[in-house]
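Participant: Here the sequence shown stands for residues 87 to 246, where the numbers follow our numbering. A virtual CB, placed ideally from N, CA and C, is assigned to each residue, including glycine. Please read these numbers as outputs of a predicted model, since none were measured by experiment.
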Amino acid sequence: MDSNDFERVFKRNNKRLFLIALSFTANQYDAEDILQNSFMKLLKTKTEFENDEHIDKWLTSVTVNESKNLLKSAFRKKSADFEDYVATCSFESDKSEDLFNAVMSLPKKLRTVIHLFYYEDMTIKEIADMLNIKQSAVKTRLCRARKQLKIKLGDDWNDE
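1. Quick one: grab the DSSP three-state call for MET190.
2. Assign THR149 to one of two classes, buried (16 or more other C-beta atoms within 10 Å of its C-beta) or exposed (fewer than that).
3. Check ALA214 in the structure and name its three-state DSSP category.
4. In the structure shown, what three-state DSSP assignment does SER179 receive?
5. Run the CB neighbour count on THR146, radius 10 Å, all protein chains shown included, and call it buried at 16 or more, exposed below.
6. Please confirm whether PHE110 and ARG197 have their CB atoms less than 9 angstroms apart.
7. Residues in the same chain with beta-carbon distance under 8 angstroms from LYS97, minus the five sequence neighbours each way, listed in chain order, please.
8. Using a Cβ-Cβ cutoff of less than 8 angstroms, which residues in the same chain neighbour GLN225 once the five nearest sequence positions on both sides are dropped?
9. Pairs of beta-carbons, one from the stretch 180 to 192 and one from the stretch 207 to 222, closer than 8 angstroms: are there three or more?
10. Who are the near neighbours of PHE92 in its chain, counting only those whose CB is closer than 6 angstroms to its CB and skipping five residues on each side?
11. Could you compute how far the alpha carbon of ILE141 sits from the alpha carbon of PHE135?
12. Going by C-alpha distance, which of THR133, LYS132, GLU206 is nearest ALA107?
13. Following the continuous alpha helix (DSSP H) through LYS226, name the residue where it begins and the one where it ends.
14. At the level of alpha carbons, what is the spacing between ARG232 and ASN123?
15. Under a three-way DSSP split, which group does ASP107 fall into?
16. Helix, strand or coil for THR146 per DSSP?
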């Protein structure tokens, strides 16, 4: 992969992958580290990719695995900088910001499946395979997350 290809892949994926990592860690700096590790693995891989979609799915999988590995690490920092990160974000509307905050306030297991399902358009089977859980567990987590979001967002909740 030459530098132009890498730059194109990075621009296409960096925000999306950052949000995946952030959904796991709720920590801007950890998410940035995960993003960096994921792209370093892309540079080092010998994998032959069929097309852009294959690269994107591979990077998503690497990012999820890097996130899970960080959470297992005994050296994980216990910092709470999420509010600092949110302060730097720009949202299209107050509803977008409220939804983001509501999703990020969910427990990690629920937040992760919501992000992968709605923001990454992954199927229940793809999520189950990526997280190494049963499809029924993904469905249960989605259901629980939706219920919690409905409570948090009240009239603003739209399950679509």
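Facilitator: In short:
1. DSSP, reduced to helix, strand and coil, places MET190 within a helical segment of the structure shown.
2. buried
3. In the displayed model, ALA214 falls within a helix according to three-state DSSP.
4. Here DSSP, grouped into helix, strand and coil, assigns SER179 to coil.
5. buried
6. yes
7. Taking C-beta separations shorter than 8 angstroms and ignoring five residues to either side along the sequence, LYS97 has no partners in its chain.
8. Inspection of the sequence shows that residue 225 is occupied by Lys rather than by Gln. Take LYS225, set aside five residues on each side of it, and the residues of its chain with a beta-carbon closer than 8 angstroms to its own are ILE210, in chain order.
9. no
10. none
11. 6 angstroms
12. GLU206
13. It should be pointed out that residue 226 corresponds to Thr in this sequence rather than to Lys. Its alpha helix (DSSP H) spans residues 221 to 239.
14. 31 angstroms
15. Note on identity: in this sequence residue 107 is Ala, with Asp being the wrong assignment. Here ALA107 sits in helix by DSSP.
16. helix
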